[in-house]
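K.L.:
What follows is a single structure, and I will ask about it in a moment.
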Amino acid sequence: NAGVTQTPKFRILKIGQSMTLQCAQDMNHNYMYWYRQDPGMGLKLIYYSVGAGITDKGEVPNGYNVSRSTTEDFPLRLELAAPSQTSVYFCASSQNDPFEAFFGQGTRLTVV
Amino acid sequence: QQQVKQSPQSLIVQKGGISIINCAYENTAFDYFPWYQQFPGKGPALLIAIRPDVSEKKEGRFTISFNKSAKQFSLHIMDSQPGDSATYFCAASFKGGSEKLVFGKGTKLTVNP
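What follows is the structure, encoded as structure tokens:
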């Protein structure tokens, strides 16, 4: 069982570049989430989706965009990367309840 | 206020000892309190969770204690093992199946052999 798959695992970006973090789940979950995790901090919600075609902002959405064209995929787009976006990004999914979320293994992003 | 405050930031325990991690919240709208365990290089994984209508929940060596009046909850790990060494996060979610989890900042637990 693959669960939640994130790609890439690591990436170094230069300031001003753009990239898309990929996330796919094979559990047919309705809810999907993007979190960022900074050292010594908890996870902060960037964006979430309650189903295909529906997305909404979380606590820290600035500098990011998402789309949800299918149930399985929930890519996160970074436009004009900044050093403040250096972080570990986690994608998660859940059937209904957010607390029973399954997390991917994360993408470590460094912006230099 | 949507914060969940977690302490301590780090904890070192000897094998066989009891690990205790505490969390406090302000918003009484929270109605579900999960704990996540995260190993280095991995995503968080749900460990155990509790609702405010019970004061304690136990699963194996892991116990959540909940004090609704004090707006506090804690994780106890009995007979701590080196394999329990990880970062633990408490979290809270809102009523009505809210889509949003609010996380504490995490506690790095080290269990020495």
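In the order they appear, the protein sequences are chains A and B.
Each number in the working numbering comes from the position in the first sequence (counting from 1) with 1093 added on.
Each number in the working numbering comes from the position in the second sequence (counting from 1) with 820 added on.
The beta carbon of each residue, even a glycine, is placed where N, CA and C say it ideally should be.
Here the structure is a predicted model, which is why all the values come from computation and not from measurement.
The ligand NAD and A/Q1118: does any heavy atom of the ligand fall closer than 7 angstroms to the residue's C-beta?
P.N.:
The ligand NAD is absent from the structure shown, which contains no ligands of any kind.
K.L.:
Using 8 angstroms as the cut-off, can you tell me whether the stretch 869-876 of chain B makes contact with the stretch 824-834 of chain B, which would need three or more C-beta pairs spanning the two stretches below that distance?
P.N.:
Short answer: they don't touch.
K.L.:
I need the boundaries of the beta strand (DSSP E) containing B/Q857, first residue and last residue.
P.N.:
Numbered from its first residue, the second sequence carries residue 857 of chain B at position 37. 850-858 is the span of the beta strand (DSSP E), which, as asked, contains B/Q857.
K.L.:
The stretch 1131-1162 of chain A: which residues have C-beta closer than 9 angstroms to a C-beta of chain B, in chain order?
P.N.:
Answer in chain order: G1133, M1134, G1135, L1136, K1137, L1138, Y1141, S1142, V1143, D1149, G1151, E1152.
K.L.:
When the cut-off is 8 angstroms and only beta carbons count, does A/G1109 lie next to chain B?
P.N.:
Along the first sequence, read from residue 1 onward, the residue named residue 1109 of chain A stands at position 16. A/G1109 does not count as touching chain B.
K.L.:
I want to verify the contact list: residues of chain A whose CB lies under 7 angstroms from the CB of B/K862, in sequence order.
P.N.:
Indexing the second sequence from 1 puts residue 862 of chain B at position 42. Q1198, listed in chain order.
K.L.:
Give a yes or no on whether the minimum CB-CB distance between A/F1183 and chain B is below 8 angstroms.
P.N.:
Here residue 1183 of chain A refers to the residue found at position 90 when the first sequence is read from its first residue. Taking Cβ atoms only, chain B reaches closer than 8 angstroms to A/F1183, which makes this a yes.
K.L.:
With contact counted as at least three CB pairs below 8 angstroms, one residue from each stretch, are the stretch 1108-1122 of chain A and the stretch 903-912 of chain B in contact?
P.N.:
Verdict: no, contact absent.
K.L.:
Alpha carbon to alpha carbon, what distance is there between A/S1162 and B/S918?
P.N.:
The residue given as residue 918 of chain B occupies position 98 in the second sequence. The residue given as residue 1162 of chain A occupies position 69 in the first sequence. Confidence in B/S918 is poor, its pLDDT being 46 and thus under 50, which makes the residue's placement too unreliable to answer from.
K.L.:
How many Å lie between B/D904 and B/K862 at the Cα?
P.N.:
Translated into the one-based positions of the second sequence, residue 904 of chain B becomes position 84. Translated into the one-based positions of the second sequence, residue 862 of chain B becomes position 42. Looking at the two C-alpha atoms, the distance is approximately 14 angstroms.
K.L.:
Tell me whether B/G917 sits in a helix, a strand or coil according to DSSP, three-state version.
P.N.:
Position 97 of the second sequence, counted from the first residue, corresponds to residue 917 of chain B. Because B/G917 sits at a pLDDT of 46, beneath the cut-off of 50, its placement in the model cannot be relied upon, and the following sentence gives the value as read from the coordinates. Coil.
K.L.:
Would you give the residue range spanned by the beta strand (DSSP E) that A/G1144 belongs to?
P.N.:
As a working note, residue 1144 of chain A is residue 51 in the first sequence. Taken as a continuous stretch (DSSP letters only), the beta strand (DSSP E) holding A/G1144 covers 1136-1144.
K.L.:
May I ask you to list the residues that DSSP assigns as paired with B/T927?
P.N.:
As a first step, residue 927 of chain B must be located in the second sequence, where it is residue number 107. Looking at the DSSP assignment, B/T927 forms a beta bridge with B/Y908.
K.L.:
Is there a Cβ from chain A that is less than 8 angstroms from the Cβ of B/L866?
P.N.:
As a first step, residue 866 of chain B must be located in the second sequence, where it is residue number 46. Yes, its Cβ sits closer than 8 angstroms to a Cβ of chain A.
K.L.:
Name the chain B residues that come within less than 7 angstroms of A/E1193, Cβ to Cβ?
P.N.:
Residue mapping note: residue 1193 of chain A aligns to position 100 of the first sequence, counting from 1. The answer, in chain order, is L866.
K.L.:
Compare the C-beta of B/G924 with all C-beta atoms of chain A and state if any pair is closer than 8 angstroms.
P.N.:
Position 104 of the second sequence, counting from 1, holds the residue named residue 924 of chain B. Closer than 8 angstroms to some Cβ of chain A, the Cβ of B/G924 qualifies, so yes.
K.L.:
Tell me which residue opens and which closes the beta strand (DSSP E) that A/F1103 is part of.
P.N.:
Here residue 1103 of chain A corresponds to residue number 10 of the first sequence, with the count starting at 1. Where A/F1103 is concerned, the enclosing beta strand (DSSP E) stretches over 1103-1106.
K.L.:
Tell me, please, whether the CB atom of B/K825 is closer than 8 angstroms to any CB atom in chain A?
P.N.:
For the purposes of this step, residue 825 of chain B is taken as residue 5 along the second sequence, with counting starting at 1. No, no contact with chain A.
K.L.:
Does any residue of chain A bring its CB to less than 8 angstroms from the CB of B/K920?
P.N.:
For the purposes of this step, residue 920 of chain B is taken as residue 100 along the second sequence, with counting starting at 1. With 8 angstroms as the cut-off, B/K920 counts as an interface residue toward chain A.
K.L.:
Determine the direct distance from the alpha carbon of A/K1137 to that of B/Q821, and round the result to whole angstroms.
P.N.:
Counting from 1 along the second sequence, the entry for residue 821 of chain B is found at position 1. Counting from 1 along the first sequence, the entry for residue 1137 of chain A is found at position 44. With a pLDDT of only 47 at B/Q821, under the threshold of 50, the placement of this residue in the model should not be trusted; the figure read from the coordinates follows. Looking at the two C-alpha atoms, the distance is approximately 15 angstroms.
K.L.:
Where does A/S1186 fall in DSSP's three states?
P.N.:
Here residue 1186 of chain A corresponds to residue number 93 of the first sequence, with the count starting at 1. Here A/S1186 sits in strand by DSSP.
K.L.:
Taking three-plus beta-carbon pairs below 8 angstroms as touching, is the stretch 1117-1127 of chain A in contact with the stretch 1183-1190 of chain A?
P.N.:
The stretch 1117-1127 of chain A, when compared against the stretch 1183-1190 of chain A, does touch it at the 8 angstroms Cβ threshold.
K.L.:
If I follow the unbroken beta strand (DSSP E) through A/T1098, where does it start and stop?
P.N.:
As a first step, residue 1098 of chain A is located in the first sequence; it is residue number 5 there, counting from the start. A/T1098 -> beta strand (DSSP E) spans 1097-1100.
K.L.:
By DSSP, does B/N889 sit in helix, in strand, or in coil?
P.N.:
Position 69 of the second sequence holds residue 889 of chain B. The question names Asn, but residue 889 of chain B in the sequence shown is Ser. Three-state DSSP puts B/S889 in coil, outside helix and strand.
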